[in-house]
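Read top to bottom, the protein sequences are chains V and A.
Each residue of the first sequence is one higher than the one before, counting from 1 in my numbering.
Each residue of the second sequence is one higher than the one before, counting from 518 in my numbering.
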Amino acid sequence: MNDAPTARLELRGITKTYPSVVANDRVSLKVMPGEIHAVLGENGAGKSTLMKVIYGVTHPGAGEILWEGERVRIRNPAHARALGIGMVFQHFSLFETLTVVENVALALELSGDLGLLARQIEQVSEKYGLPVDPRRRVHALSVGERQRVEIIRCLLQKPKLLIMDEPTSVLTPGAVQKLFETLRQLAAEGCSILYISHKLDEIQQLCHVATVLRDGRVTGECVPANETPESMARLMIGKALPVPELRPHSPGAPRLQVAGLSRDSDDPFGVELQDIHLDVRAGEIVGIAGVSGNGQKELLLALSGEEPLAERYPIRIDGVEAGRMGPRARRRLGLGFVPEERLGRGAVPSLSLAFNGLLTAHGQGLLRHGLIRFAAMRAFARRCIERFDVRCGGAEAAARSLSGGNLQKFIMGREILQSPGVLIVAQPTWGVDVGAAAFIRQQLIDLAASGTAILVISEELEELFEICDRLMVIAGGRLSPSRRVSETSIEEIGLWMSGLWPGADGQATVERADAAS
Amino acid sequence: MLRLEPRADASRLMRYLSPLIAVALMLIGGLALFAALGKDPLEGFRVYFLNPLRDLYGLSELLLKATPLMLIAMGLSVGFRANVWNIGAEGQFIMGGVAASAIALYFIESDSGWVLTGMVLAGALGGMAWAAIPAFLRTLFNTNEILTSLMLVYIAQLAVSWLVHGPMIDPDGFGFPQSKMFEDSALLPELLGGTRLNAAFPMALTALGLGYVFLQRSFMGFQMRVAGESEPAARYAGFAARRMIWVGFLAGGALAGIAGMAEVAGPMGQLTTHLSNNYGFAAIIVAFIARLNPVGIFFASLLMALLYLGGEQAQQYLGLPSSISNVFQGLLLLCLLGADVLINYRLRWKPAEAG
Chain V
1 MNDAPTARLE LRGITKTYPS VVANDRVSLK VMPGEIHAVL GENGAGKSTL
51 MKVIYGVTHP GAGEILWEGE RVRIRNPAHA RALGIGMVFQ HFSLFETLTV
101 VENVALALEL SGDLGLLARQ IEQVSEKYGL PVDPRRRVHA LSVGERQRVE
151 IIRCLLQKPK LLIMDEPTSV LTPGAVQKLF ETLRQLAAEG CSILYISHKL
201 DEIQQLCHVA TVLRDGRVTG ECVPANETPE SMARLMIGKA LPVPELRPHS
251 PGAPRLQVAG LSRDSDDPFG VELQDIHLDV RAGEIVGIAG VSGNGQKELL
301 LALSGEEPLA ERYPIRIDGV EAGRMGPRAR RRLGLGFVPE ERLGRGAVPS
351 LSLAFNGLLT AHGQGLLRHG LIRFAAMRAF ARRCIERFDV RCGGAEAAAR
401 SLSGGNLQKF IMGREILQSP GVLIVAQPTW GVDVGAAAFI RQQLIDLAAS
451 GTAILVISEE LEELFEICDR LMVIAGGRLS PSRRVSETSI EEIGLWMSGL
501 WPGADGQATV ERADAAS
Chain A
518 MLRLEPRADA SRLMRYLSPL IAVALMLIGG LALFAALGKD PLEGFRVYFL
568 NPLRDLYGLS ELLLKATPLM LIAMGLSVGF RANVWNIGAE GQFIMGGVAA
618 SAIALYFIES DSGWVLTGMV LAGALGGMAW AAIPAFLRTL FNTNEILTSL
668 MLVYIAQLAV SWLVHGPMID PDGFGFPQSK MFEDSALLPE LLGGTRLNAA
718 FPMALTALGL GYVFLQRSFM GFQMRVAGES EPAARYAGFA ARRMIWVGFL
768 AGGALAGIAG MAEVAGPMGQ LTTHLSNNYG FAAIIVAFIA RLNPVGIFFA
818 SLLMALLYLG GEQAQQYLGL PSSISNVFQG LLLLCLLGAD VLINYRLRWK
868 PAEAG
């Protein structure tokens, strides 16, 4: 033993090969006690695989893992947890029909007093600014709330190494800062943190050291505080970050009009929409910000027609009252819709891209007498793949074989190629790597310039500020007035996200009060 | 300790090979069964699987038995694609047979060619009417169609029993529970002299052809496939779930009803209580072995028909009980389900973990 402190975790030459790709190629890194260590890379760079190796979900083909100086073979997640490794996954591993506290009890293999556990959950959630009601059932929680449950579940185990996979995508700016405080506090207590992200600003703010991955290999290690976003982006994607190019335009006639849309939720924990009013004009991109679980899901279901309204008047598409129409009738009026869940809603995982094109683009001459025109269908998919730079095995590739970003490009392309009059997009770049995200944003800007009215619902404020003309905020099922992006600030919108906008009645729920802090 | 581990990639090839593996396993299991019953396995195999195919008459019987299976399985596959679980084809088969018999008996004096056409239509409508009940209950009250369609089978069986004991009994039949024999105008024309193979067989082939076009080429078939694979995606695309339930049930009911008609207007020649040979249930196995694919249904129906015929042979020549064909059917389904599990999972031997 020498005098140098022992690393909490050290990886040496980790290699993991899947049948078709090398996900990790001789990856080495070292995490010291109390260090916040970023693992930076685009989607598909091998970050998630590396974390699964550390957490014992998969086993490396070659290389070794040292835990506090000792060689270990991490057999499975339970073994990893026993060593003191906690992980918050990007894709949640919760049982939908169970309550929060039951889920936590299951994961921690606890039995007995759930009431006591519920109080512990409340304490942790209060201490770390992660409000969640332990007695609610998971199926009724929004994506953001589910993530909080995952984080709390890990923190309850008092881990020595906490792995966080893209944790901030569903938090308000205020909550992100609060989470960072938590993480810094944890680090100061000696806990090491592996922080996976592609958000350069967050990494600069939070992390002591960053390891950058590209195509499964380590392409650099740096101290983020000494770098610029540009220099880190170059390490990550091999070139400079593209900047969206805004086009001057003046908004035209309103194409999507929502007037007095109110609706109770069937779900006892759902959000009631209250008197929503909004207009989106031709050529305009309007953004709706908000912490997830504040009515976005309900609003989107009402706008897409997946859950039509009882009345016609509250929703008008190009002047036609569409409230009672289903999704297909609204599509015929020129509505395009990109949902938040790509696999399983926006696309059928097991079907080819060609068939997934047919899913919504069947009106583009892909049918004749009720029969599918296969050649036209494949041509449509190929056009979409080519124009939107979808990296895949061709039109016959199954949707599930694509990475999240490429599938999103395909779905976005499928909707855009239909030249929609109104396009509604939920979380356009959630979990999408920076290169693809920039591309998608540029496509939205170009589409608006061609006269489409675009409504974007996103939890990423930077993104909304980058592409939108006007912004609104949804909180507690109510929609704020709109502000021109040039006349507002992230701080103001962040404050509004807690439900406190001029003229709001100011009744703040626990969740909204916390989001403001 | 043996454990099932999910596979990263399910093999496409194995998806199609697994029914063949299941058939092979069923054969091995069957031979072991013969041995366990004290019969020579090879002799058992010869009697069960080769005897029925030794001459033209045997082959025609095979096609005759396969015909209702093809019809029913094709209809069921339409619904199964969209996860519409019509388990009651047996009842729809019976009701199709009843409705067709009603036409045959009502027009018993007629020798018009239209009688048969009317019987086919009546058969289809009878099956559809019976299938409409679970579809209606499902779309209106969200009742579980598996239960309702299955329970309606027993109602249909009792109904036909009542009919042939009462209103439709042959007055000159010495009280046997059966209807009058149909006139020639109400019987399906035979295809080959000296065999019972009749015009229902080409009808079944036509149904398979139409089914192929519907499932693989039509937009409605595509919608049903999407609904079966991913219900939220179907809702996102705006494919109406109710319509799929109706299409699934009506297609299943119509073809099962036509199969019932073909049975009374074919080998039976009259309505009796035992007009079905459990075809409605066997066809479910056929549909699954065929992966809901019309080409597969053709071959799986032949195999299932062979199991029926082999069972009769085994009764005659090996002195085995008639339930032997049910045992083989069950064995086949079990092997298929087992083989299917292994498409998506692999068996791993893991030493029990210490601690």
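Idealized CB from N, CA, C, for every residue including glycine.
As the structure is a computational prediction, the values presented were derived from the model and not from experiment.
Using a Cβ-Cβ cut-off of 8 Å, state whether Leu358(V) counts as contacting chain A. Start at 1 with the first residue of the first sequence, and residue 358(V) comes out as number 358. At least one C-beta of chain A is nearer than 8 Å to the C-beta of Leu358(V).
How long is the line joining the alpha carbons of Gln408(V) and Met720(A), rounded to whole angstroms? In the first sequence, residue 408(V) corresponds to position 408, counting from 1. In the second sequence, residue 720(A) corresponds to position 203, counting from 1. One C-alpha to the other measures close to 46 Å.
Which stretch, first to last residue, makes up the alpha helix (DSSP H) that contains Cys222(V)? What you label residue 222(V) is simply residue 222 of the first sequence in a count that begins at 1. From DSSP, Cys222(V) is part of no alpha helix (DSSP H) but of the beta strand (DSSP E) over Arg217 to Cys222.
At the 8 Å Cβ level, is Val348(V) part of the contact set with chain A, yes or no? Numbered from 1 along the first sequence, position 348 holds the residue referred to as residue 348(V). So, interface residue.
Assess contact between the segment 646-658 of chain A and the segment 617-634 of chain A, defined as three or more Cβ pairs (one per stretch) separated by less than 8 Å. Is contact present? No, the segment 646-658 of chain A is not in contact with the segment 617-634 of chain A.
Under 7 Å from the C-beta of His362(V): neighbouring residues of chain A: Working through the first sequence from its first residue, we reach residue 362(V) at position 362. Neighbours of His362(V) on chain A, chain order: Phe736.
Please identify, using Cβ separations under 7 Å, the residues of the segment 722-746 of chain A that lie next to chain V, in order along the chain. So the close ones are Arg734, Ser735, Phe736, Met737, Phe739, Val743 and Glu746.
Using a beta-carbon distance below 8 Å, is Gly596(A) in contact with chain V? Along the second sequence, read from residue 1 onward, the residue named residue 596(A) stands at position 79. By this cut-off, Gly596(A) is not an interface position.
For Ile625(A), which of Ala676(A), Asp701(A) and Ala652(A) has the nearest alpha-carbon? Within the second sequence, residue 625(A) is the residue found at index 108, counting from 1. Answer by Cα proximity: Asp701(A).
Can you tell me whether Arg8(V) is buried or exposed? The criterion is at least 16 other CB atoms within 10 Å of its CB, across all chains shown. For the purposes of this step, residue 8(V) is taken as residue 8 along the first sequence, with counting starting at 1. It counts as buried.
Take Lys582(A) and list the residues in its own chain whose beta-carbon comes closer than 6 Å to its own, dropping the five residues that flank it on each side. By 1-based counting over the second sequence, the position of residue 582(A) is 65. Excluding its 5 nearest sequence neighbours in each direction, Lys582(A) has C-beta neighbours in its own chain below 6 Å: Ala822 and Tyr825, listed in chain order.
Cβ atoms of Phe699(A) and Gln787(A): under 8 Å apart, would you say? Reading the second sequence from its first residue, position 270 is the one you call residue 787(A). Reading the second sequence from its first residue, position 182 is the one you call residue 699(A). Cβ distance < 8 Å, so Gln787(A) and Phe699(A) count as in contact.
What are the start and end residues of the beta strand (DSSP E) that includes Phe337(V)? Taking the first residue of the first sequence as 1, we reach residue 337(V) at position 337. It spans Leu335 to Val338 - the beta strand (DSSP E) in which Phe337(V) sits, taken as one unbroken run.
By Cβ distance, which residues of its chain are closer than 6 Å to Gly346(V), with the 5 residues on each side in sequence left out? Residue mapping note: residue 346(V) aligns to position 346 of the first sequence, counting from 1. For Gly346(V), the CB contacts under 6 Å within the same chain, skipping 5 residues up- and downstream, are Pro339 and Ile411 in chain order.
Whole angstroms are fine: how far does the CA of Leu461(V) sit from the CA of Asp275(V)? Translated into positions along the first sequence, residue 275(V) becomes position 275. Translated into positions along the first sequence, residue 461(V) becomes position 461. So the two alpha carbons sit approximately 24 Å from each other.
Please report the Cβ distance between Tyr195(V) and Met164(V), rounded to the nearest whole angstrom; I am assuming they are in contact, meaning their Cβ atoms lie under 8 Å. The sequence position of residue 195(V) within the first sequence is 195, counting from 1. The sequence position of residue 164(V) within the first sequence is 164, counting from 1. About 5 Å; that satisfies the 8 Å criterion.
In angstroms, rounded to a whole number, what distance separates the CA positions of Gln418(V) and Ala329(V)? The residue you call residue 418(V) lines up with position 418 of the first sequence. The residue you call residue 329(V) lines up with position 329 of the first sequence. Each residue's alpha carbon lies about 15 Å from the other.
State the Cα-Cα distance for the pair Pro536(A) and Leu544(A), rounded to the nearest angstrom. Working through the second sequence from its first residue, we reach residue 536(A) at position 19. Working through the second sequence from its first residue, we reach residue 544(A) at position 27. Near 12 Å, if we compare the C-alpha coordinates of Leu544(A) and Pro536(A).
Going by DSSP in three states, Ala717(A) sits in which element: helix, strand or coil? On the second sequence, position 200 is the one that residue 717(A) refers to. Ala717(A): helix per DSSP, three-state reduction.
Using a Cβ-Cβ cut-off of less than 9 Å, give me the residues of the segment 752-768 of chain A that come near chain V, in sequence order. Here the close residues are Arg752, Tyr753, Ala754, Gly755, Phe756 and Ala757.
For Pro5(V) and Asp215(V), what's the separation of their Cα atoms in angstroms? Numbered from 1 along the first sequence, position 5 holds the residue referred to as residue 5(V). Numbered from 1 along the first sequence, position 215 holds the residue referred to as residue 215(V). Looking at the backbone, the Cα of Pro5(V) and that of Asp215(V) are separated by about 31 Å.
Sequence-distant residues of its chain with Cβ nearer than 6 Å to Leu447(V) (five each side left out): Here residue 447(V) refers to the residue found at position 447 when the first sequence is read from its first residue. Counting only Cβ-Cβ distances below 6 Å, and skipping sequence neighbours, we find Ile416.
Indicate whether at least one CB of chain A lies closer than 8 Å to the CB of Thr306(V). Indexing the first sequence from 1 puts residue 306(V) at position 306. The residue asked about is misnamed: residue 306(V) is Glu in this sequence, not Thr. True, the Cβ-Cβ gap to chain A drops below 8 Å.
Val100(V) and Pro134(V) closer than 8 Å at C-beta: Mapped onto the first sequence, residue 100(V) falls at position 100. Mapped onto the first sequence, residue 134(V) falls at position 134. Yes, they are a contact pair.
Does chain V have any CB closer than 8 Å to the CB of Pro838(A)? Locating residue 838(A) in the second sequence gives position 321, counting from the first residue. The beta carbon of Pro838(A) sits no closer than 8 Å to any beta carbon of chain V.
Let me see if you follow: with CB-CB separation under 8 Å, is Phe410(V) close to chain A or not? The residue you call residue 410(V) lines up with position 410 of the first sequence. At a cut-off of 8 Å, the C-beta of Phe410(V) has no neighbouring C-beta in chain A.
Under the three-state reduction of DSSP, which class applies to Met685(A): helix, strand or coil? Here residue 685(A) refers to the residue found at position 168 of the second sequence. Judged by DSSP in its simplified three-state form, Met685(A) adopts coil rather than helix or strand.
Distance, Arg808(A) Cα to Arg414(V) Cα: Position 414 of the first sequence holds residue 414(V). Position 291 of the second sequence holds residue 808(A). Going by the C-alpha atoms only, they are around 30 Å apart.
Using the Cα positions of Leu539(V) and Leu588(A), report the straight-line distance between them to the nearest angstrom. Outside the modelled stretch of chain V, which goes from 1 to 517, sits residue 539(V), for which no answer is possible.
What residues are listed by DSSP as bridge partners for Asp279(V)? Taking the first sequence and counting its residues from 1, one reaches residue 279(V) at position 279. For Asp279(V), which the question treats as bridged, DSSP gives the partners Gln257(V).
Between Ser735(A) and Leu371(V), is the Cβ-Cβ spacing less than 8 Å? The sequence position of residue 735(A) within the second sequence is 218, counting from 1. The sequence position of residue 371(V) within the first sequence is 371, counting from 1. A contact, by the Cβ cut-off of 8 Å.
Assuming the contact rule is C-beta atoms closer than 8 Å, Leu464(V) and Gly287(V) should be a hit. Round their C-beta distance to whole Å, please. Translated into the one-based positions of the first sequence, residue 464(V) becomes position 464. Translated into the one-based positions of the first sequence, residue 287(V) becomes position 287. So it is a contact: roughly 4 Å between Cβ atoms.
Positions along the segment 309-330 of chain V whose CB lies within less than 7 Å of some CB in chain A: Near chain A, meaning a CB-to-CB distance below 7 Å, the residues of the segment 309-330 of chain V are Gly326, Pro327 and Arg328.
Report all residues from its chain with a CB closer than 8 Å to the CB of Arg713(A); omit the five preceding and five following residues, and keep chain order. As a working mapping, residue 713(A) is identified with position 196 in the second sequence. Close CB contacts of Arg713(A) within its chain, under the 8 Å cut and outside five residues either way in sequence, are with Ser577, Glu578, Leu581, Glu707, Gly783 and Pro784 (chain order).
Met325(V) by DSSP, collapsed to three states: which one? For this step, residue 325(V) is matched to residue 325 along the first sequence. Correct three-state label for Met325(V): coil.
Inter-stretch contact (C-beta, 8 Å, three-pair minimum) for the segment 287-303 of chain V and the segment 464-478 of chain V: The answer is yes - the segment 464-478 of chain V touches the segment 287-303 of chain V, with three or more Cβ pairs under 8 Å.
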